[in-house]
Amino acid sequence: MSLTSQVSAGVVTIMVEGNFDIGCYDAFNKTLNDNLNSASKFVIDLSKASYMDSSALGMLLLLREKLGGQSSKIEFVNVNEEVMKILKVAKFDQLFTISS
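Take the sequence shown: its letters are residues 1 to 100, numbered as in full-length UniProt numbering.
See the structure below:
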């Protein structure tokens, strides 16, 4: 499990590698807090994520809430089939922009 981030032109890209779970919480929360006031958009790159659990879903909902709920600009990109199933079961496809 690994979580890295980069910022470019106000867009924060968070890259997840391996399992996206509670082990990512500290790094995810730090990235969120460090960029909350300056970011115009968050992009979550799940190309290397192999699994996502309920704690990861909670982190993503927290991100959405802190960024303004429905008006938040959050996009999931490079979502693989296994992770997409989890996102769809949780109905995240109705809350976020998701592309595979």
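Each residue gets a CB set at the ideal place from its N, CA and C atoms; glycine is no exception.
{"Query": "Inter-residue spacing [alpha-carbon to alpha-carbon] between PHE28 and GLN94", "Result": "22 Å"}
{"Query": "Proximity winner among ILE22, LYS91, GLY10, relative to residue 102 (alpha-carbon distances)", "Result": "Residue 102 lies beyond the stretch modelled for the chain, which goes from 1 to 100, so this question has no answer here."}
{"Query": "Of the residues VAL11, THR31, SER54, the one placed nearest LYS91, counting alpha carbons only", "Result": "SER54"}
{"Query": "Completely contained beta strand (DSSP E) runs for the UniProt domain \"STAS\" (1 to 100), where each covers 3 or more residues", "Result": "2 to 8, 11 to 20, 41 to 52, 74 to 77"}
{"Query": "Nearest candidate by alpha-carbon position, reference VAL16, set GLY10, ASN33, ILE44", "Result": "ILE44"}
{"Query": "For ALA49 and LEU62, the rounded distance between their alpha carbons", "Result": "19 Å"}
{"Query": "Own chain residues within Cβ distance below 6 Å of THR4, not counting five before or after", "Result": "MET15"}
{"Query": "Beta carbon of ASN19 nearer than 9 Å to that of TYR51", "Result": "yes"}
{"Query": "Distance between beta carbons of TYR25 and MET59, contact taken as under 8 Å", "Result": "6 Å"}
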